[in-house]
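What follows is a set of notes on a single structure, which appears directly below.
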Amino acid sequence: MSFVIPDGVRPVRDAVHAFMTERVEPAEPVLHAGGPEAAAALGELRAQAKKEGLWALGHPRELGGGGLPFLDYVYVNEVQGRSEYGQIALGTYTLQDSLMLHEHASPGQRERYLEPLVRGDISPSFAMTEPSVSSSDPTQIVTSAVLDGDEWVINGHKWFTTGASRAAYTTVMCRTEPDAPPHRAFSMILVPTDTPGYTIVRETPVLGLDGSHCEVLYEDVRVPASNLLGPRGQGFVIAQKRLGPGRIFHCMRWLGQAQRAFDLMCRRLHERTAFGEPLAAKQLMRQHVFDSYAEIQSARLLTLSAAEAIDRGSQARVEIGAIKVVGARMLHNVIDRAIQVYGAAGLTPDTPLERMYRHARAGRIYDGPDEVHIDSVGRRILGAYTAGGSWEFGAR
573 MSFVIPDGVR PVRDAVHAFM TERVEPAEPV LHAGGPEAAA ALGELRAQAK
623 KEGLWALGHP RELGGGGLPF LDYVYVNEVQ GRSEYGQIAL GTYTLQDSLM
673 LHEHASPGQR ERYLEPLVRG DISPSFAMTE PSVSSSDPTQ IVTSAVLDGD
723 EWVINGHKWF TTGASRAAYT TVMCRTEPDA PPHRAFSMIL VPTDTPGYTI
773 VRETPVLGLD GSHCEVLYED VRVPASNLLG PRGQGFVIAQ KRLGPGRIFH
823 CMRWLGQAQR AFDLMCRRLH ERTAFGEPLA AKQLMRQHVF DSYAEIQSAR
873 LLTLSAAEAI DRGSQARVEI GAIKVVGARM LHNVIDRAIQ VYGAAGLTPD
923 TPLERMYRHA RAGRIYDGPD EVHIDSVGRR ILGAYTAGGS WEFGAR
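Sequential numbering of the sequence shown, starting at 573, is according to this note's numbering.
Structure representation (structure tokens):
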């Protein structure tokens with residue numbers, strides 16, 4: 573495969589890059605502050621994106637999106653990822669949920685949730701993680717749903733339900749088949765956030781950031797039986813289909829964040845002087861550039877390789893697991909070096925680096941901690957040798 577940006581993708585990628593650097597990034601101070609001004613600014617960005625044909629580029633065309641193929645979307649998403657607001661401003665924040673509904677939703681669910689999602693009229697949220705059990709072992713989830721007549725009755729406690737405070741609904745992973753094998757014991761149920769018994773306890777701050785990571789109680793929450801998403805007992809299957817591409821989406825956006833930090837670092841090395849010469853003349857500073865270049869490029873090629881495997885129809889579990897770990901580490905390291913180059917200024921809101929650094933640390937935990945992916949990748953590769961086979965890199 574070629575790792576050069578295809579000619580057909582470059583114009584839209586360039587347009588998204590310009591949108592990010594000229595409009596979204598300058599608006600970040602207002603967006604960070606929140607409140608009515610932030611909402612108005614975000615609304616204006618979304619309107620501009622729609623007017624200029626940059627809205628929902630990764631969504632299937634039949635849903636009203638841009639219809640970019642998965643691999644092409646990698647090149648666009650890596651520039652969209654330069655800012656944490658990129659996917660919201662450009663209408664791709666809902667992509668994982670839209671694809672999930674596109675495959676599994678009933679006609680009524682599509683009309684109520686999917687079409688408004690793609691238009692950006694509503695926001696989704698997804699509830700899997702629970703405070704009382706290890707998220708590394710989701711078979712231990714205890715939130716339950718019992719069918720009572722024509723209604724599901726849900727009881728449980730979730731947290732890190734990102735975006736629940738602004739969402740129209742939450743897709744909840746519940747234990748519905750208590751006597752079934754662990755991976756067939758769970759189902760997905762769509763729960764409107766205004767349903768009685770659905771209570772947001774708090775928005776959990778993460779490293780000082782208010783990221784709308786909500787803790788939610790479900791106390792005798794009743795929803796129609798028709799709110800079941802897909803077949804009963806298929807919650808794990810649906811979750812894995814959602815999380816696999818989602819991890820690639822994270823890695824794509826991390827590349828954009830790393831590029832931004834790299835740019836800031838290199839420009840600072842030319843602008844700042846110490847002991848009579850630019851920092852760029854210092855060998856130790858050039859080491860930061862070398863290490864960052866090598867890590868970004870390695871992570872980028874791994875991400876493109878994983879995306880190509882998905883494009884071929886592969887589940888790409890080894891590739892996705894590897895890039896989730898490598899990408900998160902890369903992002904942390906590159907931002908860390910950029911902060912080091914800036915010195916004390918890098919620790920302040922005078923640059924975007926201190927906020928980026930805090931977001932980067934979370935990447936090693938959400939959608940599966942490093943340890944889970946490392947173990948899974950190692951186990952799968954070693955499994956290729958159990959029957960006398962091998963893991964031939966050039967043939968994969």
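Ideal Cβ positions, reconstructed from N, Cα and C, are used throughout, including at glycine.
Every value quoted in this text rests on a predicted model; they were computed, and no experiment measured them.
Under a 10 Å Cβ-count criterion, F642 is classified as exposed, with fewer than 16 other Cβ atoms of the shown protein chains found around its own Cβ. Residue range 889-914 is occupied by the alpha helix (DSSP H) that includes N905.
Scanning its chain for C-beta atoms nearer than 8 Å, with the 5 sequence neighbours on each side dropped, one finds around Y929 the residues H904, I907, D908, I911, in chain order. With a contact defined as Cβ atoms closer than 8 Å, L874 and A888 miss out at about 11 Å. In this structure L662 does not touch L640 by the C-beta definition: roughly 12 Å separates them, more than the 8 Å allowed.
For W724, no alpha helix (DSSP H) run applies; the uninterrupted beta strand (DSSP E) run containing it begins and ends at 723-734, by DSSP. E656 carries a coil assignment under DSSP once its states are collapsed to helix, strand and coil.
Considering only E594, R633, M700, the residue with the shortest C-alpha distance to L667 is R633.
For D720, the secondary structure class from DSSP, reduced to helix, strand or coil, is strand. For H755, the three-state secondary structure derived from DSSP is helix. By the Cβ criterion, the stretch 809-826 is not in contact with the stretch 776-786, since fewer than three pairs of Cβ atoms, one from each stretch, lie closer than 8 Å. The beta carbons of S737 and S784 sit about 5 Å from each other, so the pair counts as a contact at 8 Å.
Boundaries of the beta strand (DSSP E) around D792: 781-796. If you draw a straight line from the Cα of D863 to the Cα of V898, it comes to about 14 Å.
In the structure shown, P921 adopts coil according to DSSP, grouped into three states. When DSSP reads this structure, L800 sits in a beta bridge with I761. When C-alpha distances from F808 are compared across I772, I761, L827, F834, the shortest belongs to I761. For T742, no alpha helix (DSSP H) segment is defined; the enclosing uninterrupted segment is the beta strand (DSSP E) at 741-747. When C-beta atoms of the stretch 935-945 are compared with those of the stretch 875-882, fewer than three pairs fall below 8 Å, so the two segments do not count as touching.
Listed in chain order, the non-local C-beta contacts of L686 below 8 Å within the same chain comprise L635, S670, L673, H674, A677, local neighbours out to five positions each way being set aside. In the DSSP annotation of this structure, V690 is not part of any beta strand (DSSP E); the continuous alpha helix (DSSP H) holding it starts and ends at 687-691. Under the 10 Å beta carbon count, D644 is surrounded by 16 or more other beta carbons and is classified as buried. In the assembly as shown, G960 is an exposed residue. Its beta-carbon has fewer than 16 other beta-carbons within 10 Å. The three-state reading of DSSP puts E843 in helix, counting H, G and I together.
Linking M824 to L925 through their CA atoms gives a straight-line distance of about 18 Å. DSSP, reduced to helix, strand and coil, places A699 within a strand of the structure shown. Contact check for G637 against V690 passes: the beta carbons are separated by less than 8 Å.
With 16 or more other Cβ atoms inside 10 Å of its own Cβ, S697 counts as buried. For T958, the three-state secondary structure derived from DSSP is coil.
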